[in-house]
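**Student:** One structure is given below, represented as structure tokens, and several questions about it will come after.
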Amino acid sequence: MPSQKVKKTRQNLLDACIQLLAQQDLNQISVTDIVEQAQVHRATFYRHFEDKYDLLNQAENEIFDEMATAFKQYISDEPNLKIDTTSFADYRLALLKIFMKHAPFINAMLGTNGDLTFENKLYDRIYQLTQLGFQTLYNLPQSEAPKAEFIGHYAASAAFGVVRQWLKKPTSTPNELAQLLDELTIKGIASTLNELTP
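Per our numbering, the very first residue in the sequence shown carries number 1; after that it's consecutive.
In structure tokens, the structure reads:
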């Protein structure tokens with residue numbers, strides 16, 4: 001496990017990269033720019049990262065690892081396991097807290113100078129969460145799978161947009177946002193799913 005000093009140095013370099021992403025495209029940012037912004041030597045950077053892409057990949061992986069840990073904690077790795085609504089709600093709340101914790105990085109990566117690959121990966125995780133929620137709350141027949149997939153993307157796109165806006169202007173707590181997402185889902189999408197359920 002890295003020492004506090006190592007964690008602080010790595011975070012300082014990441015923060016420097018995030019600050020630069022607010023001003024210029026990722027492709028235009030060099031390691032020299034990052035170390036100057038962080039006020040450290042190049043050797044310090046290369047002790048921790050291979051290049052700027054490694055820096056960002058490690059930050060991404062930390063988020064996705066935390067999301068996977070939350071999944072194991074609140075859901076399960078067992079396929080076809082019926083999940084109760086409380087566990088699903090706890091999992092969703094844990095994800096919102098993870099997003100808030102990493103908001104500066106996520107905002108930078110989703111910004112105009114960020115990385116579309118990260119945006120796609122994050123959307124995919126939110127889509128998986130949406131599908132998991134549908135499996136938890138509804139017993140849809142296989143014949144309705146194509147419609148359920150469209151509804152899943154509709155819900156995931158809406159949730160992704162809400163979370164993205166929330167991270168830019170976090171005026172609500174994770175609990176309040178989770179409640180809002182519940183209300184939007186139940187009042188908007190749930191009636192359609194109920195019609196598909198035999």
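Glycine included, each C-beta is placed from N, C-alpha and C at the ideal position.
All values derive from a computational prediction rather than experimental measurement.
Rounded to whole angstroms, what is the Cα-Cα separation between residue 21 and residue 109?
**Tutor:** Along the sequence shown, one-based indexing puts residue 21 at 21. Along the sequence shown, one-based indexing puts residue 109 at 109. For residue 21 and residue 109, the distance between alpha carbons rounds to 8 Å.
**Student:** Compare the beta carbon distance of residue 15 and residue 113 with 9 Å and say whether it is the shorter of the two.
**Tutor:** As a position in the sequence shown, residue 15 is number 15, starting the count at 1. As a position in the sequence shown, residue 113 is number 113, starting the count at 1. No. Outside cutoff.
**Student:** Across the region 40 to 59 and the region 141 to 151, are there enough close Cβ pairs to call them in contact, namely three or more that are closer than 8 Å?
**Tutor:** Short answer: they don't touch.
**Student:** Report yes if the CB atom of residue 66 is closer than 9 Å to the CB atom of residue 98, and no otherwise.
**Tutor:** On the sequence shown, residue 66 is found 66 positions in, with the first residue counted as 1. On the sequence shown, residue 98 is found 98 positions in, with the first residue counted as 1. A contact, by the Cβ cut-off of 9 Å.
**Student:** Can you give me the C-alpha to C-alpha distance between residue 45 and residue 134, rounded to a whole angstrom?
**Tutor:** Residue 45 sits at position 45 when you count from the first residue of the sequence shown. Residue 134 sits at position 134 when you count from the first residue of the sequence shown. Residue 45 and residue 134: Cα-Cα distance of roughly 44 Å.
**Student:** I think residue 10 touches residue 48, with their Cβ atoms under 8 Å apart; what is that distance to the nearest whole Å?
**Tutor:** As a first step, residue 10 is located in the sequence shown; it is residue number 10 there, counting from the start. As a first step, residue 48 is located in the sequence shown; it is residue number 48 there, counting from the start. Indeed, because the Cβ distance is near 5 Å, the residues count as touching under 8 Å.
**Student:** Would you decide whether residue 152 is buried or exposed? Buried here means 16 or more other CB atoms lie within 10 Å of its CB.
**Tutor:** Counted from its first residue, the sequence shown places residue 152 at position 152. Buried, by the Cβ-count rule.
**Student:** Relative to the C-alpha of residue 72, which residue among 160, 35 and 95 is closest?
**Tutor:** Walking along the sequence shown from the start, residue 72 turns up at place 72. Minimum Cα distance to residue 72 is reached at 95.
**Student:** How many whole angstroms separate the CB atoms of residue 130 and residue 156, which I take to be in contact at a CB cut-off of 8 Å?
**Tutor:** Position 130 of the sequence shown holds residue 130. Position 156 of the sequence shown holds residue 156. Confirmed, Cβ separation roughly 4 Å.
**Student:** Can you list, in chain order, the residues of its chain with a C-beta nearer than 7 Å to that of residue 185? Leave out the 5 residues immediately preceding and following it.
**Tutor:** The count along the sequence shown starts at 1 and reaches residue 185 at position 185. Cβ within range, chain order: 155.
**Student:** Tell me whether the beta-carbon of residue 132 lies closer than 9 Å to the beta-carbon of residue 75.
**Tutor:** What you label residue 132 is simply residue 132 of the sequence shown in a count that begins at 1. What you label residue 75 is simply residue 75 of the sequence shown in a count that begins at 1. Cβ atoms of residue 132 and residue 75: closer than 9 Å.
**Student:** Am I right that residue 174 and residue 93 are in contact with their C-beta atoms under 8 Å? What's the rounded C-beta distance?
**Tutor:** Counted from its first residue, the sequence shown places residue 174 at position 174. Counted from its first residue, the sequence shown places residue 93 at position 93. Correct: roughly 6 Å between the Cβ atoms.
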